[in-house]
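Shown next, in structure tokens, is the structure this report addresses.
Residue numbers (this note's numbering): 3 to 140.
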């Protein structure tokens, strides 16, 4: 049981690292995006649009937004040997005013491919109210 907890904790740390990588500088790097996003990637956006991998990569490469994305309260649920669900709370911080906005409950399904590389298969952000707890995270 302890070994299983260590594996789950290691996977949790790895998937949080990959998820946060997509929140920061690497979100505009086409090489990283193509490595991180699964061929069959799909996102349900907060505005209700459905994007595939090609559309998401194009949108992120065209993004001019300098506002940072922060995430907290990560929870991991291992679905199988090759898939896991990562959920968390996110928000953006306006670069000039430091105002917090765009709060969302997020869920990501990560898939481990044949090369033993974790790739994002599905992501959804659902708008939510700002929480009353202190904000920390990546």
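Built from N, CA and C at the ideal position, the CB exists for glycine as well.
Predicted model only: the values in this text are computed from it and were never measured.
Asked                                                                                                                          : Found
Residue 119 in three-state terms, based on DSSP                                                                                : coil
Integer-rounded CB distance, given that residue 126 should sit under 8 angstroms from residue 1                                : As displayed, the chain neither begins before 3 nor continues past 140, which places residue 1 out of reach and without an answer.
Three-way DSSP call (helix, strand, coil) for residue 12 in this model                                                         : helix
Residue from 43, 64, 66 with nearest C-alpha to residue 111                                                                    : 43
Close-in-space but distant-in-sequence residues of the same chain around residue 35 (CB under 7 angstroms, 5 per side omitted) : 59, 62
Coarse secondary structure for residue 37, derived from DSSP in three states                                                   : helix
Whole-number beta carbon distance between residue 113 and residue 40, since they are thought to touch under 8 angstroms        : 6 angstroms
Contact belief for residue 86 with residue 25 at Cβ below 8 angstroms, rounded distance in angstroms                           : Not quite, the Cβ-Cβ distance comes to about 18 angstroms (not below 8 angstroms), so this is no contact.
Top-ranked residue by Cα proximity to residue 132, from 106, 14, 124, 80                                                       : 106
C-beta contact flag for residue 30 and residue 65 at 8 angstroms                                                               : yes
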